Amino acid sequence: MKRKKRAEGGANWMDTYGDLVTLLLCFFVLLYSISTLDQAKWIQVVKSFNPDAKDVSQIVNDQTAEADDDVPGGLDEEFDDFDDLYENLKAAIEAAGLQSEVELFKGDGYTFITFRDNVFFDGDSSIIKEGGSSILSQFSSIVSGVSDSVKEIQVLGHTTQADPNVVNEPVGDRVLSAERAARVAAYIQTRTNIPPENITSIGYGQWRPIAPFDTEENRAKNRRVELLITKSDSVEQTLEKYYEEMGRE
Numbered sequence: 323m324k325r326k327k328r329a330e331g332g333a334n335w336m337d338t339y340g341d342l343v344t345l346l347l348c349f350f351v352l353l354y355s356i357s358t359l360d361q362a363k364w365i366q367v368v369k370s371f372n373p374d375a376k377d378v379s380q381i382v383n384d385q386t387a388e389a390d391d392d393v394p395g396g397l398d399e400e401f402d403d404f405d406d407l408y409e410n411l412k413a414a415i416e417a418a419g420l421q422s423e424v425e426l427f428k429g430d431g432y433t434f435i436t437f438r439d440n441v442f443f444d445g446d447s448s449i450i451k452e453g454g455s456s457i458l459s460q461f462s463s464i465v466s467g468v469s470d471s472v473k474e475i476q477v478l479g480h481t482t483q484a485d486p487n488v489v490n491e492p493v494g495d496r497v498l499s500a501e502r503a504a505r506v507a508a509y510i511q512t513r514t515n516i517p518p519e520n521i522t523s524i525g526y527g528q529w530r531p532i533a534p535f536d537t538e539e540n541r542a543k544n545r546r547v548e549l550l551i552t553k554s555d556s557v558e559q560t561l562e563k564y565y566e567e568m569g570r571e
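Okay, so the sequence shown: first residue is 323 according to the numbering used here, each after it adds one.
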């Protein structure tokens, strides 16, 4: 008796197995994609399952409220690269042992750095010293890492009144402070990815002192280069306002 031929065109177990593996892969990709909660992505998921929902944010809050209360880094906690700027600069200053020569201040939407003039320059010179170049290179590298959140870098040059009883000669005073600020700004421009139009330099001469001119120690405090780095969404203030916030009244 002849054997009956097996019917062709039936289900193949390899097809079923392949479908199973594909579904498992999709499942694990989905798990990975939601392992870190992102509010915008979560809203999209909620909308896909609740197309008629009128208040998606309420749904998101209901779904994630418990997680935010118990897990650090929930949706209510903001992380910004600009915040890292201060910490990275602080670590670099401490590593270089420049705490006595560099003052760092963090405000609302800005970071303010004050360098004693001897960090970058000799005497009445506006040529950046080799050691100053090294410091600026490290600074530029750190700032480049958070460039997307930087609105502007202002370089402010200052001198001091050499004689407590005699005002400085105006041209030399202002030119020196302006040249120093311009050279620092140019150095930063060539070593960061900050747009050049967002890097400015200003020379104030002796007219924004932070200490009296009565002693050599106080006069030394006034010889300085300051860097004001503002956050991309910050509200610009006057220099006097920044000084007030730093306690330089």
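Positions of the beta carbon are idealized from the N, C-alpha and C atoms, including for glycine. All figures in this text were calculated on a predicted structure; none of them were measured in a lab.
- Output the distance between the C-alpha atoms of residue 537 and residue 528, rounded to the nearest integer angstrom. Roughly 15 Å between the two C-alpha positions.
- Item | Segment limits, alpha helix (DSSP H) that includes residue 537 | Premise fails: residue 537 is in no alpha helix (DSSP H) and is neither H nor E.
- Query: Do residue 547 and residue 513 have their C-beta atoms closer together than 8 Å?
  - Reply: In this structure, residue 513 does not lie closer than 8 Å to residue 547 by Cβ.
- Using the rule of at least 16 other Cβ atoms within 10 Å of the residue's Cβ for burial, across every protein chain shown, is residue 483 buried or exposed? By the 16-neighbour rule on beta-carbons within 10 angstroms, residue 483 is buried.
- Check whether the region 547 to 563 touches the region 423 to 434, counting contact only when three or more Cβ pairs, one atom from each stretch, lie closer than 8 Å. As far as the Cβ criterion goes, the region 547 to 563 touches the region 423 to 434, which means the pair count is three or higher.
- Near residue 340, which residues of its chain fall below 8 Å by C-beta distance, leaving aside the five closest residues on each side in sequence? No residues qualify anywhere along the chain.
- Message: Quick check on the DSSP output: the beta strand (DSSP E) that includes residue 445 runs from which residue to which?
- Response: Here residue 445 belongs to no beta strand (DSSP E), and DSSP marks it neither H nor E.
- Item | Nearest to residue 535 (by Cα), restricted to the options 428, 347, 481, 471 | That would be 481, whose Cα lies nearest to the Cα of residue 535.
- Cβ neighbours of residue 515 in the same chain (closer than 6 Å, five flanking residues each side left out): Within the same chain, residue 515 has close Cβ partners 466, 469.
- Message: By the DSSP assignment, the beta strand (DSSP E) with residue 432 in it spans what residues?
- Response: Where residue 432 is concerned, the enclosing beta strand (DSSP E) stretches over 432 to 438.
- Task: In the DSSP assignment, find the unbroken alpha helix (DSSP H) run with residue 494 in it and report its ends.
- Result: Residue 494 -> alpha helix (DSSP H) spans 492 to 513.
- Return the chain-ordered list of same chain residues with a C-beta closer than 7 Å to the C-beta of residue 496, the five sequence neighbours on each side being excluded. Contacts found: 525, 527.
- Message: In whole angstroms, give me the CA-to-CA distance for residue 545 and residue 555.
- Response: Residue 545 and residue 555 have their alpha carbons spaced roughly 31 Å apart.
- Message: Please tell me whether residue 404 and residue 471 are closer than 8 Å, where the distance is taken between their beta carbons.
- Response: The answer is yes: Cβ separation under 8 Å.
- Query: Taking just the CA atoms, how far does residue 569 sit from residue 499?
  - Reply: So the two alpha carbons sit approximately 23 Å from each other.
- Quick one: grab the DSSP three-state call for residue 363. Any reading at residue 363 must be qualified, since the residue scores a pLDDT of 48, below 50, and its modelled position is unreliable; the value itself is stated next. In the structure shown, residue 363 sits in a helix (DSSP, three-state: H, G or I).
- When you compare only the Cα positions, how much space is there between residue 578 and residue 336? It is not possible to answer for residue 578, since the shown part of the chain is limited to 323 through 571.
- Task: Check each candidate in 449, 476, 417 and name the one with the smallest Cα separation from residue 558.
- Result: Considering only alpha carbons, the answer is 476.
- Query: In whole angstroms, what is the alpha-carbon distance linking residue 319 and residue 420?
  - Reply: Shown here, the chain extends from 323 to 571; a query on residue 319 therefore has no answer.
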